[in-house]
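First comes the structure, then the notes that go with it.
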Amino acid sequence: MKKIVGSALAAVMMFALMATGVFAESNDAMVRIVHASPDAQAVDVYVDGNAVVEGAEFKAATDYMPVPAGEHKVEIFAAGTKDNAVISQTVTVEAGKAYTAAAANTLEMIELVVAEDSMQATEGKTKVRIGHLSPDAPTVDIGLIGGDALFSGATFKAFTDYKELDPNTYDLEIRTPDGTQVLDLSGTKLEANMVYSVYAINTADKLEVLVLQDSMVMPSEMPKTGMGGASESTTDYTTGIIASVVGLGVLAFAAYRKRTAH
Amino acid sequence: MKHLWVIAIFLLGSCSAGNNSLSTNETAKQELTQIATVTTSHMINKDKNLPKETSSDPVLTGIDPERIEIPLLEVDALIDGQGLNKKGQMEVPDNGKDVGWFELGVKPGARGNAVIAGHVDDYKGPAVFFYLKKLKAGDLVHVYNKAGEKVSFKVERVVAYEKDEAPIREIFGPSRDGRLNLITCTGLYDRKSNEHEKRLVVYTKRIDS
C-alpha cells in the first residue's frame, strides 16, 4: 500500500494553515481508512478528488491523516482506475477528533462505516473496544475464555464503547451469546497507556481480527532539549551593546583618521 | 452497546458527470469482482499455541532501549527512560550526553511512534544531538537493548517546528509502522524563557534487519 505524501490533500492543509495562521492540529480532524471488505480487490481512496491512498488491499489500514474539519467527499475506486467509484460518500469531520472510515461489507453491498475514535489514553491502564466488521458473522460477545464477557451483543457495523482494563495478556475469545467459540484470541496483549480498536473482519468462516492503536499517552508539549550553551540567542542584549560600542569606536576612529589626514 | 457508526449520504447521481451512477456503481463492483483474487487463504488457526495467527498483522517487537547509535554523526549515547513532568512535557536527561526515551509510549521497533529526545547543547557547549540537523532521508539510526539486540531505522524526513506548533500526535501517537522519532532543540535560544524557539524532529521508520 502506498500513501501519497505531499498530495493535494496536504496542499489543502497548507492553504488552511496559511489562511488562518493557526496551528494545523487545532483545525484538523484525524482520519484513517481501513479496507474491511473481504471480497473487494485492492482500492485507491480519494478525498475531495485527491488520491490519499493507493493500492490498499483487504485488511490494510492507513495511519491517521490530518484532514481539515468539515465535509469531505470520500471516493473509493478499484486500484488504478478512476472511472466508477464503488463508494462515493460525504463524511463530516470535526476539528480535534479522530475517525476511522472503514470500507465494509461485501463488495456487492460495500459501504463506508465511520466511527469516532478515542483520543484519551489513561496512564497505567489500557483501553479497548470492538468493531464488528464481518458482514455475515452473527451477533457476538467478546470475553475471557471460560469467564465473563467484556463486550456483549456486538453486531455487524457496530462499535462497542471503550472499556478500561488493567494492562495484561488476556485469553480472549469471540463467541456467540450462547457461549460457542467463534474465534480464539488467547494471548491478546493489551499494553499500558494504549487505546486499541479490535476489528473483527473477514467472512464468518475466516473470521480474524485487526488490532489498531487509536491513541496512547502523549505529552501536551514538546520537551525542552537545550540549555543554550552553544546557540545564538534572541534577547541577548549584551551582544548588541558590545556590537554598537565597537561600531561607534570604529566610526570615531575613522573620523579621527580623516581629520588628522588633512 | 453504542452504535457510533454513521451512514453518510450516498452521493448517488453525482459520481461522475453524464453517467447513471447507479449502474456505474454496479459496473465498478463487477470489475472489482472479476479482478478479485483470493488473498485470504489461511488466517484461521486452530492451534492454541499460535494465537497471534488470528491477527492479520505480523508482530513487530520493540526492545527496551539502552543505547542509540547514529553512525553518520558519530553519536553513541546511553538512553534513560523518561516520563512526563507536571506541565505535561516529556522529561529529558539533566545532562547533555545522555538521551531520553519516552517510556510511556511504545518501545523502539514496536508499532507506533517511539520517541527519543536529547539536548542540542548544555550550559557550556554542544550536547549529544548538536549535529542532529545534519541528518537526511536515508541515514541510519540504530537502537540496542542491554543484551545487544539491535533495531535499525532509516530517516524519512527532518522538520523544524516552532516550539508550540509541533504535531504532538504525529510525533508521539499511534502508527501502523515501527517508527522512531528523534527530538532536539533548534533555532535561537530565548534568554527570557530559557529555552529554544524551535524543535527539530527527525522522523525515522524501522527497517528489517
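From first to last, the protein sequence lines stand for chains G and A. The first sequence begins at 671 in the numbering used here and counts up by one. The second sequence begins at 4 in the numbering used here and counts up by one. Yeah, the Cβ is synthetic: ideal placement off N, Cα and C, and Gly gets one too.
Shortest alpha-carbon distance to leucine 853 of chain G belongs to which of G/Asp733, G/Glu861, G/Ala862, G/Leu842?
For the purposes of this step, residue 853 of chain G is taken as residue 183 along the first sequence, with counting starting at 1. Nearest C-alpha to leucine 853 of chain G: G/Leu842.
Partner residues on chain G for isoleucine 186 of chain A, Cβ-Cβ distance less than 7 Å:
Locating residue 186 of chain A in the second sequence gives position 183, counting from the first residue. Residues of chain G passing the Cβ test: Met892, Pro893, Thr895.
Out of curiosity, what's the CA-to-CA distance linking isoleucine 757 of chain G and asparagine 775 of chain G?
As a working mapping, residue 757 of chain G is identified with position 87 in the first sequence. As a working mapping, residue 775 of chain G is identified with position 105 in the first sequence. Between the alpha carbons of isoleucine 757 of chain G and asparagine 775 of chain G lies a gap of roughly 12 Å.
Just to confirm, are glutamate 106 of chain A and glutamine 85 of chain A a CB contact at a threshold of 9 Å?
Stepping through the second sequence from its first residue, residue 106 of chain A is reached at position 103. Stepping through the second sequence from its first residue, residue 85 of chain A is reached at position 82. A contact, by the Cβ cut-off of 9 Å.
When Cβ atoms are compared, which residues of the region 160-183 of chain A fall closer than 7 Å to chain G?
When CB distances to chain G are screened at a threshold of 7 Å, the residues of the region 160-183 of chain A falling below it are Lys166, Glu168, Ala169, Pro170, Ile171, Arg172, Phe175, Gly176, Pro177, Ser178, Arg179, in chain order.
Taking DSSP as the reference, what is the three-state secondary structure of lysine 55 of chain A?
Taking the first residue of the second sequence as position 1, residue 55 of chain A is located at position 52. Its pLDDT being 39, under 50, lysine 55 of chain A is placed unreliably by the model, and nothing is read from it.
If you scan the region 681-764 of chain G from start to end, which runs of the beta strand (DSSP E) of 3 or more residues do you find wholly inside it?
Runs of the beta strand (DSSP E) lying entirely within the region 681-764 of chain G, each at least 3 residues long, are 698-705, 713-717, 720-726, 735-738, 740-748, 757-763 in chain order.
For threonine 135 of chain A, count neighbouring Cβ atoms within 10 angstroms of its own Cβ and tell me buried if that reaches 16, exposed if not.
Your numbering for residue 135 of chain A matches position 132 in the second sequence. At residue 135 of chain A the sequence reads leucine, which differs from the threonine that was named. Within a 10 Å sphere around the beta-carbon of leucine 135 of chain A sit 16 or more other beta-carbons, which makes this residue buried.
Valine 704 of chain G vs tyrosine 866 of chain G beta-carbon contact at 9 Å
Counting from one through the first sequence, the residue named residue 704 of chain G turns up at place 34. Counting from one through the first sequence, the residue named residue 866 of chain G turns up at place 196. Contact flag unset, no.
For the alpha helix (DSSP H) that contains glutamate 173 of chain A, what are its first and last residues?
Here residue 173 of chain A corresponds to residue number 170 of the second sequence, with the count starting at 1. According to the DSSP assignment, glutamate 173 of chain A belongs to the alpha helix (DSSP H) that extends over 171-175.
Validate contact between the region 62-70 of chain A and the region 113-120 of chain A using beta carbons, cut 8 Å, 3 pairs
Flag = yes, the region 62-70 of chain A and the region 113-120 of chain A touch.
On the DSSP bridge assignment, give the partners of alanine 862 of chain G in chain order.
Start at 1 with the first residue of the first sequence, and residue 862 of chain G comes out as number 192. Its beta-bridge partners do not exist; DSSP assigns none.
Could you check whether the Cβ of valine 95 of chain A sits closer than 9 Å to any Cβ belonging to chain G?
Within the second sequence, residue 95 of chain A is the residue found at index 92, counting from 1. With 9 Å as the cut-off, valine 95 of chain A counts as an interface residue toward chain G.
If we call anything under 9 Å between Cβ atoms a contact, is glutamate 724 of chain G one with alanine 749 of chain G?
By one-based count along the first sequence, residue 724 of chain G stands at place 54. By one-based count along the first sequence, residue 749 of chain G stands at place 79. Remark: C-beta atoms of glutamate 724 of chain G and alanine 749 of chain G approach each other more closely than 9 Å.
Threonine 40 of chain A versus valine 161 of chain A: straight-line alpha-carbon distance, rounded:
Residue numbering aside, residue 40 of chain A sits at position 37 when the second sequence is read from its first letter. Residue numbering aside, residue 161 of chain A sits at position 158 when the second sequence is read from its first letter. Summary for threonine 40 of chain A: the model assigns pLDDT 32, below 50, so the residue's position carries little reliability; its value from the coordinates is reported in the next sentence. Cα to Cα, threonine 40 of chain A sits roughly 40 Å from valine 161 of chain A.
Classify threonine 207 of chain A as buried or exposed, calling it buried when 16 or more other Cβ atoms lie within 10 Å of its own Cβ.
Position 204 of the second sequence holds residue 207 of chain A. Buried, since its Cβ has 16 or more Cβ neighbours within 10 Å.
For glutamate 778 of chain G, the three-state DSSP class (helix, strand or coil)
Here residue 778 of chain G corresponds to residue number 108 of the first sequence, with the count starting at 1. Helix at glutamate 778 of chain G.
Going straight from the alpha carbon of glycine 176 of chain A to that of asparagine 754 of chain G, what length do you get?
Position 173 of the second sequence holds residue 176 of chain A. Position 84 of the first sequence holds residue 754 of chain G. Cα to Cα, the separation comes out at about 35 Å.
Using a 10 Å radius around the Cβ and a threshold of 16 neighbouring Cβ atoms, would you call leucine 814 of chain G buried or exposed?
As a working note, residue 814 of chain G is residue 144 in the first sequence. Only exposed fits leucine 814 of chain G, as fewer than 16 other CB atoms lie within 10 angstroms of its CB.
Just reading off the beta strand (DSSP E) that glycine 813 of chain G is part of, what are its end residues?
Numbered from 1 along the first sequence, position 143 holds the residue referred to as residue 813 of chain G. It spans 810-814 - the beta strand (DSSP E) in which glycine 813 of chain G sits, taken as one unbroken run.
According to DSSP, simplified to helix, strand and coil, what is aspartate 875 of chain G?
As a working note, residue 875 of chain G is residue 205 in the first sequence. Aspartate 875 of chain G falls in the helix class under three-state DSSP.
Using the Cα positions of valine 887 of chain G and alanine 768 of chain G, report the straight-line distance between them to the nearest angstrom.
Locating residue 887 of chain G in the first sequence gives position 217, where the first residue counts as 1. Locating residue 768 of chain G in the first sequence gives position 98, where the first residue counts as 1. Near 15 Å, if we compare the C-alpha coordinates of alanine 768 of chain G and valine 887 of chain G.
Nearest-angstrom Cα separation, counted from arginine 799 of chain G out to leucine 829 of chain G:
In the first sequence, the residue the question calls residue 829 of chain G occupies position 159. In the first sequence, the residue the question calls residue 799 of chain G occupies position 129. Rather than leucine, the amino acid found at residue 829 of chain G in this sequence is phenylalanine. Rounded to whole angstroms, the separation of the alpha carbons of arginine 799 of chain G and phenylalanine 829 of chain G is 7 Å.
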